[in-house]
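*Asks:*
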Amino acid sequence: MKGAGRDAKLTAPRAVRVGEGDLAKGEAEERRTRLHELDQVLDALERLNLTDAQDLPGELRQRLEHLGIPVPPRPSFSGLIEAVWDLQEGLLISGGEPGGPAPLPDRAAH
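Following the working numbering, the numbering of the sequence shown begins with 956 at its first residue and continues without gaps.
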């Protein structure tokens, strides 16, 4: 019986824990995904700005709002581009909060 108890210890189920490394990998992947989405939005905004577009397409407005960037009724493309840059900078420099809202840029200086 002495051996049976020892075998029981070897086959007992172990709790599975997510290590800090796994969490860091998940956060890094989420940050990369968010940065990729921001790059796509930035590209679309820059194209609109270069063509002197007057209107922001509804789909792009929704993507900006989903990212946490508030869009006024008559947005400035350059202002929206700066808001995307600010959000990217936060993600690149400090690791940022992937789900957090974008900081509101100071537009009074423009």
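Think of the CB as a built atom: it goes at the ideal place given N, C-alpha and C, for glycine as much as any other residue.
In the stretch 967 to 1050, which residue ranges form an unbroken alpha helix (DSSP H) of at least 4 residues, counting only runs that do not cross its ends?
*Replies:* Whole alpha helix (DSSP H) segments, 4+ residues: 975 to 1005, 1013 to 1021 and 1032 to 1048.
*Asks:* Thr988 CB to nearest chain C CB: under 8 Å?
*Replies:* Here there is only one protein chain, and chain C is not present.
*Asks:* My guess is that Leu1022 and Leu1047 are in contact by the Cβ rule of under 8 Å, so how many angstroms apart are they, rounded?
*Replies:* Indexing the sequence shown from 1 puts residue 1022 at position 67. Indexing the sequence shown from 1 puts residue 1047 at position 92. That pair is no contact at about 15 Å.
*Asks:* Evaluate contact between the stretch 1037 to 1044 and the stretch 981 to 1000, counting only Cβ atoms and requiring at least three cross-stretch pairs below 8 Å.
*Replies:* Touching, yes, given that three or more Cβ pairs across the two stretches are closer than 8 Å.
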